[in-house]
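In what follows, a single structure is set out as structure tokens and then discussed.
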Amino acid sequence: MGNCNTCVRPDTTTEDIEEHQTKNKKSKNHKKSNPYSEDYPYHQTTTNNRSSLAPIRVLKDSSVSLSHCPRISDKYILGRELGRGEFGITFLCTDRETRESLACKSISKRKLRTAVDIEDVRREVAIMSTLPEHPNIVKLKATYEDYENVHLVMELCEGGELFDRIVARGHYSERAAAHVARTIAEVVRMCHANGVMHRDLKPENFLFANKKENSALKAIDFGLSVFFRPGERFSEIVGSPYYMAPEVLKRNYGPEVDVWSAGVILYILLCGVPPFWAESEQGVALAILRGAIDFKREPWPQISENAKSLVRQMLEPDPSKRLNAQQVLKHPWLQNAKKAPNVPLGDVVRARLKQFSVMNRFKKRALRVSIKRIAVTISSNSDHCHRLKQINLLRTCLFQLNAVGNCGTLIC
1024 MGNCNTCVRP DTTTEDIEEH QTKNKKSKNH KKSNPYSEDY PYHQTTTNNR
1074 SSLAPIRVLK DSSVSLSHCP RISDKYILGR ELGRGEFGIT FLCTDRETRE
1124 SLACKSISKR KLRTAVDIED VRREVAIMST LPEHPNIVKL KATYEDYENV
1174 HLVMELCEGG ELFDRIVARG HYSERAAAHV ARTIAEVVRM CHANGVMHRD
1224 LKPENFLFAN KKENSALKAI DFGLSVFFRP GERFSEIVGS PYYMAPEVLK
1274 RNYGPEVDVW SAGVILYILL CGVPPFWAES EQGVALAILR GAIDFKREPW
1324 PQISENAKSL VRQMLEPDPS KRLNAQQVLK HPWLQNAKKA PNVPLGDVVR
1374 ARLKQFSVMN RFKKRALRVS IKRIAVTISS NSDHCHRLKQ INLLRTCLFQ
1424 LNAVGNCGTL IC
């Protein structure tokens, strides 16, 4: 599942945030009981009576009851925890027969609090199952469901994040950036060719398969992705602020948003900072809507005109004039990527990339601490007005945490 539902319109209000985070779900007065909460009748039954009240199935294959479903432990050995996200925990797992190391994302049913949450998991599984096998897209190996969790078994990507690999390298050039940009554009092309709009492309959602120098770069997170039909328009504001296309903020968009996001990543790869920058989400939104791109700061004067041309065409504010993924791949700069300048972009770019990555991690840690403290306050305070204030503060923190982005591992 995605954990990044941000709304960064300049006129964002608490109501907007609430609307966006719940994805237009029904009002609280019309909510049904959470089928996975402790007080739901199913969970009050004994183990022997479990079958008398069937729980809602998350995965749609309901031909076999949960008590007769294959168990994940029959096929895989679950090992150490790799990390955790909003809805679950990712474990290292090993295939009992082949001894292959994989990742298992276990999503707690009790944290799927609405029908929308359940549908999000179903859609993520459907999308990952629909996409054909591709060297740059993480492969979903198997799915399991029991009474407490939904388990997604996937390829293990243990080579680290994109920016971390760049910073660690002693040599980083325009040619290297072109190679990464081509990989990302190929992922977008593959998604769009199969009727999938990613909606959350960002560096954190790309991991290297292993630590080898020639390791494949893979897209790992499809939690916010949706199926689309030609000409279909969407209005839901999702994604991460730095990478949002202007039409997302205007609530009228299609698959062109993925090319914009890829263009933002390319800009960062070449100079180390986002093209649209501000201290607040609202400021970032205003910068995106203004659309002014800076090609004057270092190292842009040394960057080839072909590279700048591609960035401009990917960050075209009018989606009807923006390049599509196939056109991006046919651009001269990517067609001749092996001939792109191999001159180091300089320590300043690597330093900026490191600073940008560290800043995101620091913000996430700080916000998670705040969220835990607020949650404790809410649970221990009986004053209704104070609880409402704390709940609104919690929503704001969750909104900001989502704005920073995912964790960059197979847990989000």
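Residues in the sequence shown are numbered from 1024 upward in steps of one, following this note's numbering.
Note that the Cβ used here is the ideal one computed from N, Cα and C, for glycine as well.
- In the three-state scheme derived from DSSP, where H, G and I count as helix and E and B as strand, Pro-1342 is classed as coil.
- For Asp-1140, the enclosing alpha helix (DSSP H) starts and ends at 1138-1153.
- A distance of 7 Å or more separates the beta carbons of Val-1334 and Leu-1272.
- Secondary-structure assignment with DSSP links Thr-1113 through a beta bridge to Gly-1106, Lys-1128.
- Cβ contact annotation for Asn-1237 (same chain, cutoff 6 Å, sequence separation greater than five): none.
- A direct Cα-Cα distance of roughly 13 Å separates Tyr-1099 from Glu-1178.
- Considered as a whole, the region 1231-1285 harbours 1240-1242 as its complete beta strand (DSSP E) runs of no fewer than 3 residues, in chain order.
- A direct Cα-to-Cα measurement between Gly-1254 and Ser-1343 gives close to 12 Å.
- Shown here, Leu-1357 sits in a helix according to DSSP, grouped into three states.
- By the neighbour-count criterion, in which 16 or more other beta carbons inside 10 Å mark a residue as buried, Thr-1113 falls on the buried side.
- Listed in chain order, the non-local C-beta contacts of Gly-1286 below 7 Å within the same chain comprise Val-1334, Met-1337, Leu-1338, local neighbours out to five positions each way being set aside.
- For Thr-1166, the enclosing beta strand (DSSP E) stretches over residues 1163-1168.
- Counting C-beta atoms within 10 angstroms of its own C-beta, Lys-1241 has 16 or more neighbours from the protein chains shown and is therefore classed as buried.
- The count of Cβ pairs closer than 8 Å, one atom from the region 1306-1317 and one from the region 1202-1218, stays below three, leaving the stretches out of contact.
- In chain order, Met-1267, Pro-1269, Leu-1272, Phe-1299 place their CB closer than 7 Å to the CB of Ile-1311, counting only its own chain and leaving out the 5 sequence neighbours on each side.
- According to the DSSP secondary-structure assignment, Val-1371 is paired through a beta bridge with no residue.
- The residue from Lys-1162, Asn-1329, Val-1280, Arg-1375 with its alpha-carbon nearest to that of Ile-1243 is Lys-1162.
- Excluding sequence positions up to five before and after Lys-1234, its CB lies within less than 6 Å of the CB of Gly-1182, all in the same chain and listed in chain order.
- Under the three-state reduction of DSSP, Asn-1217 is assigned to coil, being neither helix nor strand.
- DSSP places Asn-1329 inside the alpha helix (DSSP H), whose first and last residues are 1328-1337.
- In the three-state reduction of the DSSP assignment, His-1157 falls in the coil class.
- Considering only Pro-1322, Ala-1374, Ala-1239, Phe-1229, the residue with the shortest C-alpha distance to Ser-1284 is Phe-1229.
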